[in-house]
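As given, the protein sequences belong to chains A and B, one line each in that order.
Sequential numbering of the first sequence, starting at 0, is according to this note's numbering.
Sequential numbering of the second sequence, starting at 0, is according to this note's numbering.
Using N, Cα and C, we set each Cβ at its ideal position, and we do this for glycine too.
What follows is a set of notes on a single structure, which appears directly below.
Protein chains: 2
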Amino acid sequence: MLTDRQLFILQVLIDDYILHVEPVGSRTISKREDVSFSPATIRNELADLEELGFIEKTHTSSGRIPSEKGYRFYVDNLLPKTPLLREDLERLQSMFTDKVEETEKLFDESARILSELTNYTAVILGPQAYDMTLKHLQIVPITGNMAVAIFITNTGHVENRHIMLPDAVEPGDLEKLVNILNERLSGVPLVELDSRLKSEISSVLHSHVRSFENMQDALSKMLRWSKKDKLFFGGKTNILSQPEFKDVEKVRAVLEMLETKDLIRHLVAEPSDGITVKIGRENQLEAAHNCSIINASYSVHGKHLGSISLIGPTRMDYKRVIMMLDMLSSEISARLTNRFSQW
Amino acid sequence: MLTDRQLFILQVLIDDYILHVEPVGSRTISKREDVSFSPATIRNELADLEELGFIEKTHTSSGRIPSEKGYRFYVDNLLPKTPLLREDLERLQSMFTDKVEETEKLFDESARILSELTNYTAVILGPQAYDMTLKHLQIVPITGNMAVAIFITNTGHVENRHIMLPDAVEPGDLEKLVNILNERLSGVPLVELDSRLKSEISSVLHSHVRSFENMQDALSKMLRWSKKDKLFFGGKTNILSQPEFKDVEKVRAVLEMLETKDLIRHLVAEPSDGITVKIGRENQLEAAHNCSIINASYSVHGKHLGSISLIGPTRMDYKRVIMMLDMLSSEISARLTNRFSQW
DNA sequence: TATTAGCACTCATTTGAAGCGAGTGCTAAA
DNA sequence: TTTAGCACTCGCTTCAAATGAGTGCTAATA
């Protein structure tokens, strides 16, 4: 549908706009070394491209800027397939050669480096609780009737909770209780633990554990799992250095969104293979209408665990960013797969 | 040194400026009901106050605004001792009547409500690791040679860490190890655990636990405690709605500071009794030169654990904010004291 | 037929002058 | 000691003119 020349001009225009953040005029394009036709010709082509909705003017006599449709087309069809810059690659890989011990730190570091490299905001959605199943449960008495329950999941995650035991619980009882719980709850998704207790195990415990009645409530509370997950941020304030966000009000909408965990989670939890690009109004959220969000998910053994995202202005260095996310997500997947297989 | 009338005028001026954020002129002051003298008189007094450095002009023919010295004087001498507004009080107390279970949630909620009530940024420095001592240690084997170590502190805090046991560790050994560690390390500050292991306990363990040699490194790593603490934020973006921060560059300095944990920690960790007020350049940090930081610490049994702070523009509603922080910090102290005494 | 030079036109932005008004300091009268 | 009066300052707004980057259209050219 578009002629080769139109494609070429569109690409040049978008590349230039992404670089300089200023409306691109016919003269600017014609000055490029690899452009042989005159400004007038380009003006004609630009008029056509505008009619087709790929570019637009900020006012009657201004140069053109890409429209959202233009960016969409660019991302889908015009992305130059240049490999990652060597320095970017090296920086990313350096992160993985310093072997990062804790998973949390891995995410933190990834978010930080990603945001430094791109100057956009990086958001990593950590492994989600409802994807985890219980591997092992332990209850450790501390003092009086206080105890700590320890949960170990199939993903190697460990979590602890306080629990209040009833006054009269015999040592043997507690052991029996833990044994039964482990038998019955091993492999069960965390979010289902509580309902399983009520539906299946309650009766068994009733008959085997004397003090069960007294601790039923505490147990139930202990097993109640919300869909908790963790967000890791990098470069939260990077949006402030984007020229199109020099207005405080615009900035505010985005920053407040970043501070609202529920919104971010929603925006960023996009379970899909490969890489997703949401441009401007393609984002549900009003506050993100001036942003683009690139999203890649990481997985272990083919199962999506979480995602890595970049939030920046619609004018974004798509090609670089997409390459980086692609590399990073598969690298993280590999790391986690390796780590989890140890358990 | 200052006459009563000068004191009065200074107070009125600052109160007005805090409220309206605009230079205050002689006419404005004279219009108040409780002011009986004419603009000209006031102008004379203002000139004196300016000469003394308490107020300044933004340009030759503008009204006056308080200088930092003025704010300092105001905070030290002129704070009207009006009690908290009833609605503020109720809001704060509502937070404590809904009994908050987890300590983390208590801090989170406090920061949120405090920031909503004031429209400034609230930062709460959680209990610091180096103030905690070990109460009880437990090692739970999981699979293979993986295990989880659980630390319970005198403040009721629970933390867990992964540990890699050597291949050949006999069950009895582990039990003996944990017993010895508990005996020797109970009551020791977390940050000293590792050095204690090396200096005192190493030899004991050598002679009592056969596989100790193999696990020495892992143990040492497990006991290595950094000065970790946690920050809780509320209203991070509130600064954006302050009229004196409508310039993106000014905002950026502050927001980036808020994102840099080390800076914030440093800024906010001000161990002192009562309430501290740092105005503008009194803050070490350049980025906080346009801000005031009010700081109150909370404690358990007279021992400082952490602090509650508010960060806002130098023009701040000091009287309201100070009252609120005062109340909140003592309330939190009471809660924590009560909570910890259960352990 | 496709390209390009030329030209009139548009419109955001910059510049400078003029007027407004809120505020001042100073002086002289009350 | 206080206050009325007045000249003065200076930031802010408004308006008009100049600037310049860019356009669309037309007619000439390859």
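Query	Result
Short CB-CB distance (under 8 Å) between Leu266/B and chain A	no
Member of Thr27/B, Arg31/B, Gly69/B and His58/B whose CA lies at the smallest distance from the CA of Asp47/B	Gly69/B
Interface residues of chain B facing Thr236/A [CB-CB closer than 7 Å]	Arg251, Leu254, Glu255 and Glu258
Contacts around Glu255/B, its chain only, beta-carbon distance under 8 Å, and the 5 residues preceding and following it disregarded	Ala286
Touching by the beta-carbon criterion (3+ pairs, under 8 Å), the segment 110-126 of chain A and the segment 188-204 of chain A	no
Runs of beta strand (DSSP E) lying entirely within the segment 281-318 of chain A, each at least 3 residues, in chain order	290-299 and 302-312
Residues of the segment 151-166 of chain B whose Cβ lies closer than 9 Å to any Cβ of chain A, in chain order	Ile151, Gly155, Val157, Glu158, Asn159, Arg160 and His161
Beta-carbon spacing of Leu37/A, Gly234/A below 8 Å	According to the sequence displayed, residue 37/A carries Ser and not Leu. Taking 8 Å as the Cβ cut-off, Ser37/A and Gly234/A do not qualify as a contacting pair.
Pairwise C-alpha distance: Val147/B and Glu103/A	16 Å
Thr2/A versus Arg251/A, Ile41/A and Leu192/A, residue with shortest Cα-Cα distance	Ile41/A
Sub-8 Å separation of Ser291/A and Gly311/A beta-carbons	yes
Within chain B, the residues that Val247/A reaches when beta carbons sit closer than 8 Å	Leu239, Phe244, Lys245, Asp246, Val247 and Val250
Residues near Glu169/A by beta carbon distance below 8 Å, same chain, minus five either side	Arg209 and Ser210
Proximity below 8 Å, CB of Asp302/B to CB of Asp130/B	One detail in the question is off: residue 302/B reads as Lys in this sequence, not Asp. Closer than 8 Å, so yes.
The alpha helix (DSSP H) enclosing Ala46/A, as first and last residue numbers	Pro38 to Glu50
Beta strand (DSSP E) runs contained entirely in the segment 231-285 of chain A, provided each spans 3 or more residues	274-278
Span separating the alpha-carbon of Glu182/A from that of Pro140/A	20 Å
Proximal residues of chain B, C-beta to C-beta of His207/A below 8 Å	What His207/A touches in chain B: nothing, since even the nearest Cβ is about 23 Å away.
Below-8 Å beta-carbon distance, Gln5/A vs any chain B residue	no
Residues that DSSP places opposite Pro165/B in a beta bridge	Answer by DSSP bridge pairing: none, since Pro165/B is not bridged.
Contacts that Ile149/B makes with chain A (C-beta to C-beta distance below 7 Å)	Val139, Val147, Ile149 and Asn159
Secondary structure of Glu115/B, DSSP reduced to three states	helix
Residue range of the alpha helix (DSSP H) that includes His205/B	Ser201 to His207
Extent of the continuous alpha helix (DSSP H) run through Met214/B	Phe211 to Leu222
Under the three-state DSSP convention, the category Lys229/B falls into	coil
For His156/A, the three-state DSSP class (helix, strand or coil)	coil
Proximity of Ile162/A and Ala110/A at Cβ, strictly below 8 Å	no
Own chain residues within Cβ distance below 7 Å of Arg280/B, not counting five before or after	Glu67 and His288
Span separating the alpha-carbon of Leu309/B from that of Ser271/B	16 Å
Phe53/A in three-state terms, based on DSSP	coil
Proximal residues of chain B, C-beta to C-beta of His135/A below 7 Å	Ile141
Exposure of Ser202/B, with buried meaning 16 or more beta-carbon neighbours within 10 Å	exposed
Supposed close pair Val253/A, Ile274/A - CB separation, criterion 8 Å	22 Å between Cβ atoms; not a contact.
beta-carbon Leu180/A near the ligand COA non-hydrogen atom, thresh 7 Å	This structure lacks the ligand COA, and indeed carries no ligand of any kind.
Span of the alpha helix (DSSP H), counted from its first residue to its last, around Thr142/A	From DSSP, Thr142/A is part of no alpha helix (DSSP H); its letter is neither H nor E.
Ile28/B beta carbon less than 8 Å from that of Pro65/B	no
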